Structures are given as structure tokens and as C-alpha cells.
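Engineer: I have a structure I would like to understand better, so I am pasting it below and will then ask my questions one at a time.
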Amino acid sequence: MNPYVLTILLSSLGLGTVLTFASSHWLLAWMGLEINTLAIIPIMAQQHHPRAIEATTKYFLTQATAAAMILFASTTNAWLMGEWEIHQLSHPLATTTVMLALALKLGLAPVHFWLPEVLQGLELTTGLILSTWQKLAPFALMIQVAPTINSSLLVAIGLLSTLVGGWGGLNQTQLRKILAYSSIAHLGWMVLILQFAPSLTLLSLSLYIIMTSSAFLTLKTNNALTINTLATSWTKSPTLAALAALVLLSLGGLPPLSGFMPKWLILQELTKQGLPLSATLAAMTALLSLYFYLRLCYALTLTIYPNTLTATAPWRLNFTMITLPLSIITILALGLLPLTPAVTAMLAL
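Throughout the sequence shown, residue numbering follows UniProt numbering, covering 1 to 349 in sequence.
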């Protein structure tokens, strides 16, 4: 893609998200979401591959549906209650519709079906943008409207997402689909705690972005798209293979890695709020996710696959890819747990 065109598209992507962040009016927020969607579509379709075009079409249709639902809900609220402000969303029909629309935009269960299929059709860099940056604007709106939404609905969507995210990834061999189900599960944890501790949701979102970025950049560096390809990557870069296994365990939420911090704090907060059953169910669904992360770690570090790969064998040339972002983000994905006391003190302020 022409670098000038790419610069314009990435700038529009940033503009759409910032516009949604800064808006207090539903029409302005909707406009930001639309700019965001329209800016990423050419980036998704740049491969000119049938799978990429199919993924782009699916993405456009789901995002357009969600945007239409948001517009319908905000108009209904303005008509019935006379308010266009995001904070003043008060009619039950409008709040439920907005919640479902934002769940569709984010890929939360039960409206998650588009996310694994779309992510599977994209290259890893575009998939990284879709899994991280594109979640920010809808989450900003969800945090603003959360106080008006029925808490039972939020808890139900959160638990269902953690369950679907764990269950759906069990039988996958494609790494992009596994990361898509991982995304659904992590977003479920964030929605679960959204109404009780919004600051914990922001902490979880930040750590999710760090860990997912590290995972995507590791896969891109190894040029791995399937478990079989991942299993042979240790011969190219043993250090990166070892670190990738730790990043995957961090995504699974194992101590003493960074990914344990949000799960620990969320379970603690749910227990404080008198929801021990929800906390238990969330912890049990996390075991499902942990299984497929362990499966990837096993393939990555403990096996040598005795089969012929269809992937192109990489040339043993000097490595030219810039690795500084991967190094920094991997360190963050692995070593932030000791900062938990400082984080809890900041959240208590």
C-alpha cells in the first residue's frame, strides 16, 4: 500500500477513536465509530486475497449493524426522554440495545461469531490492530453507559464470554482463531467487573493490549500461523520461543506473570461485592482458556513435529525486522506482577 495512503488511513483510525473518546453526544460518538470502521476497511482488504476480502465484508456488515443499532437506541432515547447526552441514557429499551450493539462491536458472546472468522482472514499486523486499537472506542462508550445498564445483563454477558472464549479455542489449530477466542474471554472478564470497579476494567484492558500485542508480534517475528509452524520456530530463535511460551502463560493468567494481576483483583472484587458464585464460574472458565495456552506452550517448547510442513522454509539470513517494540512489550507482559501493591493503592484513591 502507498505510504501516503497508509498514513491517511492510520491517522483517520486515530481520529475516529479520539473523537469517540472526547464526545458526550451520541451523534458525535457514532461519527467517531464510523470513521474508525471506514478507515480500517482498506487496511484489511489490502492483501487482495479472497479470504481477506471475505473477512473485510463480514467485518463491515457487523460493524454497520452495530452502528445502526447505536443510532436507533440513541434516537429512541432522545425521542422518549429528550436527551442526547451519553451519560443521560435512561430508557430501558435504549440501554439494552446500546449494550448489545457495543457487545457486537467488541465481539462479546453471544454476538461473537464474526470475530474468529474475520481475524482468521487477516494478516497478523492488521489482526493486532483489530484486537487492540479497535476495542478502545466501544469500550469508552461502554464504561460511560455501564451505570445505567442492568447489572445482571453485564454479569451474564461477561460469564458467557469467558465460557465461549475458553470453549471455542479448545479444538483450534489456527493461531489467529485461538487469539480471537482469547480476546473474547479477556473481554468477558472486563465486562464482568465493569459496573463494580471501572478502574479494574481499564487495568485489565491495558494489560490485555500489552499481552496480545506481545503475542501477535511474536507470531509475526516467527512467521507462524498454525500450531505446526509454531512447533518448528524454536530452531530459528530459541530465546524467542521460550519467551513466547511465557507470554502465552501470562495470557492464561498464571502467576508470577503479569496476566495474573487483573484476574486476581477481579476475583477479589467480585467476592467483595457478594458474588462468590460468579467469581467461581469465572475462575473455572479461565481453566478452559489455560488449557489451550498450555497446549500451545507444549507444542512450542516440548515437541518436535515429525511431519512435513506446507509452510515455506525460512532462509537463514540476518534478521532485519525491528525487534525493540517486541522486546519492550514482552518485558511488560511478563514482569508487571510485582507492581500489584502500587496498582491497588492507585485504584483505592
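All residues carry an ideal CB built from backbone N, CA and C; glycine is no exception. All values reported here derive from a predicted model rather than from experimental measurement.
Using the Cα positions of Leu290 and Gly259, report the straight-line distance between them to the nearest angstrom.
Structural biologist: Position 290 of the sequence shown, counted from the first residue, corresponds to residue 290. Position 259 of the sequence shown, counted from the first residue, corresponds to residue 259. Approximately 11 Å between the Cα atoms of the pair.
Engineer: If you check the beta carbons only, do Ser131 and Thr212 fall under 8 Å apart?
Structural biologist: Taking the sequence shown and counting its residues from 1, the one referred to as residue 131 is at position 131. Taking the sequence shown and counting its residues from 1, the one referred to as residue 212 is at position 212. In this structure, Thr212 lies closer than 8 Å to Ser131 by Cβ.
Engineer: Rounded to the nearest angstrom, what separates Ala286 and Gly252 at their Cα positions?
Structural biologist: Here residue 286 refers to the residue found at position 286 when the sequence shown is read from its first residue. Here residue 252 refers to the residue found at position 252 when the sequence shown is read from its first residue. Ala286 and Gly252: Cα-Cα distance of roughly 7 Å.
Engineer: In terms of alpha-carbon separation, which member of Thr62, Leu89, Thr271 and Ala103 lies closest to Ala73?
Structural biologist: Here the question's residue 73 lines up with position 73 in the sequence shown. Per the Cα distances, Leu89.
Engineer: Nearest-angstrom Cα distance between Gly335 and Glu34?
Structural biologist: Along the sequence shown, one-based indexing puts residue 335 at 335. Along the sequence shown, one-based indexing puts residue 34 at 34. For Gly335 and Glu34, the distance between alpha carbons rounds to 37 Å.
Engineer: With the cut-off set at 8 Å, would you say Leu104 and Ala29 are in Cβ contact?
Structural biologist: In the sequence shown, residue 104 corresponds to position 104, counting from 1. In the sequence shown, residue 29 corresponds to position 29, counting from 1. No, they are not a contact pair.
Engineer: Grouping DSSP H, G and I as helix and E and B as strand, with all else coil, what is Glu83?
Structural biologist: Counted from its first residue, the sequence shown places residue 83 at position 83. It is coil, neither helix nor strand.
Engineer: Checking the sheet assignment: what are the DSSP bridge partners for Thr226?
Structural biologist: To locate residue 226, count along the sequence shown from 1; it is residue 226. Paired residue(s): Gln174.
Engineer: Which complete alpha helix (DSSP H) runs does the stretch 82-162 hold, if anything under 4 residues is left out?
Structural biologist: Within the stretch 82-162, the complete alpha helix (DSSP H) runs of at least 4 residues are 92-106, 114-120, 124-131 and 133-145.
Engineer: Tell me whether the beta-carbon of Thr173 lies closer than 8 Å to the beta-carbon of Ala231.
Structural biologist: Locating residue 173 in the sequence shown gives position 173, where the first residue counts as 1. Locating residue 231 in the sequence shown gives position 231, where the first residue counts as 1. Not in contact: Thr173 and Ala231 (Cβ atoms no closer than 8 Å).
Engineer: Who are the near neighbours of Ile227 in its chain, counting only those whose CB is closer than 6 Å to its CB and skipping five residues on each side?
Structural biologist: Counted from its first residue, the sequence shown places residue 227 at position 227. So the qualifying residues of the chain are Thr173 and Ala299.
Engineer: Look up His186 in the DSSP assignment and say whether it is helix, strand or coil.
Structural biologist: Taking the first residue of the sequence shown as position 1, residue 186 is located at position 186. If DSSP states are grouped into helix, strand and coil, His186 belongs with the helices.
Engineer: Among all the DSSP beta bridges, which residues are the ones paired with His25?
Structural biologist: Residue 25 sits at position 25 when you count from the first residue of the sequence shown. In the DSSP output, where bridge partners are listed per residue, His25 has Glu85.
Engineer: Using a Cβ-Cβ cut-off of 6 Å (strictly less than) and excluding sequence neighbours within five positions of Ala94, which residues of its own chain qualify?
Structural biologist: Taking the first residue of the sequence shown as position 1, residue 94 is located at position 94. So the list reads Ala73, Thr76 and Asn77, once near-sequence residues are dropped.
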